[in-house]
Amino acid sequence: MQKSKLGIDFTKVERARSVARNIALDVQVFVDKYTTVAVERTLCRLLGIDGINKDEAPLPNIVIDHIRKNNGLSEGVMFWLGNAVIETGLSPQQLAERIDTGQMDITRLKIHPTEAILSALKPWIDASLNRISERRERR
Numbered sequence: 001m002q003k004s005k006l007g008i009d010f011t012k013v014e015r016a017r018s019v020a021r022n023i024a025l026d027v028q029v030f031v032d033k034y035t036t037v038a039v040e041r042t043l044c045r046l047l048g049i050d051g052i053n054k055d056e057a058p059l060p061n062i063v064i065d066h067i068r069k070n071n072g073l074s075e076g077v078m079f080w081l082g083n084a085v086i087e088t089g090l091s092p093q094q095l096a097e098r099i100d101t102g103q104m105d106i107t108r109l110k111i112h113p114t115e116a117i118l119s120a121l122k123p124w125i126d127a128s129l130n131r132i133s134e135r136r137e138r139r
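Residue numbers (the working numbering): 1 to 139.
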């Protein structure tokens, strides 16, 4: 058993490092799952999705749960909503309401080019950023 000048057993140090590394990895996996969901819900709100359903569940949560259930969260909510805006002509809020009632599955629509998807969302993003700027100026 090799020891440092301070009498610390290097085998124990390596074991402690290994345990710490595994704990950190487990925590990161946990955080990644929830951070993604939280960020995606925030993006729904940025696009103007607001309100609750008849069960008092927030519509952003409904949209994210729908996308996650259909294994689409890795593409991100903006991808699915922007694509659905192009395909249906509905607003993000209208899409959320239809997702909630089961009238719409945005993960099954024809996929459009990424540039078109981003362009389709621009009016809602710009409107939200303008609201944020106006509120900041009022303070």
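All C-beta atoms in this analysis are idealised placements derived from N, C-alpha and C, irrespective of residue type, glycine included.
Nearest-angstrom Cα distance between residue i and residue j?
| i | j | result |
| --- | --- | --- |
| residue 62 | residue 70 | 12 angstroms |
| residue 18 | residue 78 | 38 angstroms |
| residue 134 | residue 58 | 25 angstroms |
| residue 27 | residue 34 | 11 angstroms |
| residue 81 | residue 2 | 59 angstroms |
| residue 64 | residue 74 | 11 angstroms |
| residue 66 | residue 21 | 34 angstroms |
| residue 89 | residue 15 | 58 angstroms |
| residue 13 | residue 40 | 40 angstroms |
| residue 38 | residue 121 | 20 angstroms |
| residue 127 | residue 23 | 42 angstroms |
| residue 102 | residue 43 | 21 angstroms |
The alpha helix (DSSP H) that contains residue i, what's its start and end?
| i | result |
| --- | --- |
| residue 66 | 59-69 |
| residue 82 | 77-88 |
| residue 97 | 92-100 |
| residue 3 | Residue 3 -> no alpha helix (DSSP H), and no H or E assigned at all. |
Considering only the alpha carbon of each residue, which of the options lies closest to residue i?
| i | options | result |
| --- | --- | --- |
| residue 123 | 94, 48, 9 and 8 | 48 |
| residue 53 | 24, 89 and 96 | 96 |
| residue 118 | 85, 100 and 136 | 85 |
To which residues of the same chain is residue i closer than 7 angstroms at the C-beta, ignoring the five residues directly before and after it?
| i | result |
| --- | --- |
| residue 72 | 80 and 107 |
Is the CB-CB distance between residue i and residue j below 8 angstroms?
| i | j | result |
| --- | --- | --- |
| residue 83 | residue 111 | yes |
Enumerate in chain order the residues of its own chain whose CB-to-CB distance from residue i is below 6 angstroms, with the five nearest sequence positions on each side excluded.
| i | result |
| --- | --- |
| residue 93 | 48 and 49 |
| residue 91 | none |
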